[in-house]
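In our numbering, the protein residues as written are 34 to 226.
Positions of the beta carbon are idealized from the N, C-alpha and C atoms, including for glycine.
Worksheet for the structure shown next.
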Amino acid sequence: MRFESVPVPQSVDARPRDVRGYPVPAITPWEGDQPQFALTDYERSANCARERLCSVCNVLMPRGPVWRVVGAGESAAIAEALAAGRPYRNLAATLEGPGHRPCMLYASMVCPYLARPNARRGTSARTPDDMTAHVVRGAVRGSMGAVVGFADYEFAVTASQVVFRFVGVVEFLPHDVADAHLDTLRAELADRP
């Protein structure tokens, strides 16, 4: 599915765009007039965490659930816990911040890396460490990602990175190909003023 055919949440539509027309997420760093989509800007991410702003659209998230897009490993762990009737809590921190439900549904379909199981990373981490070593140019996303709602999030702003942990799964929307969320996104946007 082409990104132009995915309905755009109003707050995402207000974001700056790259030369191709892609909305640039709030946490994306810029080099000159070029957004660096595969990277996360420390200050932007810290501001979103501290101010409870969506990492995609940069608009306040109300108290209550937050969403994020997860990869194959975390998606499988959540599915296993839910199937067994156990609570899920990943104590491993992540660099990916939370967002609004429609923003994360949109991102899951529009971001080439999130949308397809055979997608490959276009950029490597600038300074790989334990948390970013997997960000390697050419790495394949793998099957079965998910858009997941969590009751809340925790964060820490360290000297070199902003890390998040998420608690209390409230919604689990798995996908192999993220186009599976198209009707959910349309319904979500139809319910909003």
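- Membership of L124 in any beta strand (DSSP E) is not indicated, and neither H nor E is assigned to it by DSSP.
- Between S108 and A59, the CB-CB gap reaches or exceeds 9 Å.
- Taking the Cα of G104 as reference, the smallest distance to any Cα among N91, P207, V190 is reached at P207.
- With a contact defined as Cβ atoms closer than 8 Å, A110 and N123 qualify at about 7 Å.
- Nearest neighbour of N80 by Cα position, chosen from S44, E187, V195, A114, turns out to be V195.
- By DSSP's assignment, H208 forms a beta bridge with G178.
- Between V89 and G132, the beta carbon gap of about 5 Å places them in contact (Cβ cut-off 8 Å).
- When DSSP states are grouped into helix, strand and coil, A47 belongs to the coil group.
- Per DSSP, R83 is not a residue of any beta strand (DSSP E); the alpha helix (DSSP H) it occupies stretches across 75-84.
- Measuring C-alpha to C-alpha distances from A116 to each of W100, C144, F205, E221 identifies F205 as the nearest.
- Looking only at G65, P135, F70, V202, the smallest Cα-Cα distance to P145 is reached by F70.
- In the three-state DSSP reduction, D224 falls in the coil class, being neither helix nor strand.
- Assignment of L93 by DSSP, reduced to helix, strand and coil, places it in the strand class.
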